[in-house]
Amino acid sequence: MLALACARLFSQTQVPEWCRALPRPEYRTLQRVPVSDAWFEVYEVARGVFAVYEPHQFEETISYLILGKKQALLFDTGMGISDLKKVVTELTHLPILVLNSHTHNDHVGSNWQFERIYGMDTDFTRQNARGSREDAQAEMGADEICGNLPTGFDPKSYATRPWKITSNTHDGDRIDLGGRQLEVLATPGHTPDAISLLDRANGLLFTGDTYYPAPIWLYRPETDLDAYAASIHRLAALAPELKLVLGAHNIPVASPSVLPRLEAAFEAVRTGKVKPRPADPGQVVYQVDEFSFRMRAPQPKP
Ligand SMILES: [Zn+2]
């Protein structure tokens with residue numbers, strides 16, 4: 114996801130509607146791991162896999178810390194609103210390698226805190242690594258925050274800080290964490306640099322923003338719908354060998370059967386079987402069963 118000025122409902126008490134829905138019931142069954150920073154909630158969602166969740170901001174971003182025996186991979190670094198590195202250090206003493214599911218601001222916010230960062234070899238990635246202010250500032254609206262921002266955090270100066278890509282990565286690369294191998298799957302569409310991460314031996318698929326259990330945002334200029342369709346087709350084919358699908362927003366666990374259903378839902382949208390409803394100016398939302406896709410409004414025929 115990526116917040117832009119979209120209308121969100123306020124209650125009379127000015128608590129945003131998304132915030133009143135928290136905590137999401139799915140978390141009740143997950144194993145919570147205590148950490149010292151109240152901005153984050155951490156859950157061990159599979160053996161050696163920690164979901165680092167940021168429930169106090171609208172994106173409800175989830176980063177994942179995946180442990181091997183020799184090193185750990187941090188798949189995304191969240192909003193950059195509080196001190197992610199400190200929390201990660203409470204969870205492991207292994208050396209950390211950062212890899213981003215894609216480089217929208219809400220997934221790279223704490224990249225600057227880390228020394229080893231793999232990046233997809235795309236111009237989009239290199240551009241975003243320079244940092245930016247506009248998308249970060251759009252995350253700070255009154256209806257974007259649920260509870261308290263961390264002490265000392267200044268929303269007015271909030272920006273995505275630049276980071277240094279220390280290695281390029283590509284589709285098919287394997288990353289050995291020691292006793293755990295991860296495969297990089299290029300799944301462009303949401304962005305040109307979107308990837309999924311496959312832990313084949315343990316049946317885990319980390320899908321970034323290609324799939325998460327909330328409205329999927331496919332309206333930005335960098336979104337390519339043909340590429341997205343091909344990417345979810347590729348992921349759906351993996352479903353029989355998976356145990357768990359782990360997306361990057363709201364709820365960290367989903368059944369692998371969600372992937373073929375996602376593909377069918379998007380196919381129904383693309384073949385004109387679903388009527389859109391209007392959303393923000395220039396955007397529409399297609400709802401198919403439990404899936405919803407926020408997309409650019411179709412251009413009227415001349
Ligand atoms: Zn995104």
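The working numbering puts the first residue of the sequence shown at 114, with every later residue one more than the last. All C-beta atoms, glycine included, are put in the ideal place defined by N, C-alpha and C. All figures in this text were calculated on a predicted structure; none of them were measured in a lab.
With a threshold of 6 Å, the Cβ atom of Asp322 counts as near ligand 1, since some heavy atom of the ligand is closer than that. As DSSP reads the structure, Glu296 sits in a beta bridge with Arg287 and Leu311.
Look at Glu157 here: in three-state DSSP terms it is strand. Val382 places its beta carbon 7 Å or farther from that of Pro391. By the 16-neighbour rule on beta-carbons within 10 angstroms, Glu130 is exposed. With a cut-off of 6 Å, the C-beta of His217 is classified as near ligand 1, since at least one heavy atom of the ligand falls inside that distance.
In the three-state DSSP reduction, Ala342 falls in the helix class (H, G or I). For Trp330, the uninterrupted beta strand (DSSP E) run begins and ends at Ile329 to Leu331, by DSSP. Sequence-distant partners of Thr190 (beyond 5 residues in either direction) whose C-beta falls short of 8 Å from its own C-beta, in its chain, are Ser176, Leu197, Val211, Asn213, His220, Val221, Gly222, Ser223, Asn224, Gln226 and Phe227.
In the same chain as Arg347, and ignoring 5 residues on each side of it, the C-beta atoms closer than 8 Å to its own belong to Leu298 and Thr300, in chain order. Rounded to whole angstroms, the separation of the alpha carbons of Ile278 and Ala342 is 28 Å. Taking a contact as a CB-CB distance under 8 Å, the pair Leu317 and Ala159 counts as one, their CB atoms being some 6 Å apart.
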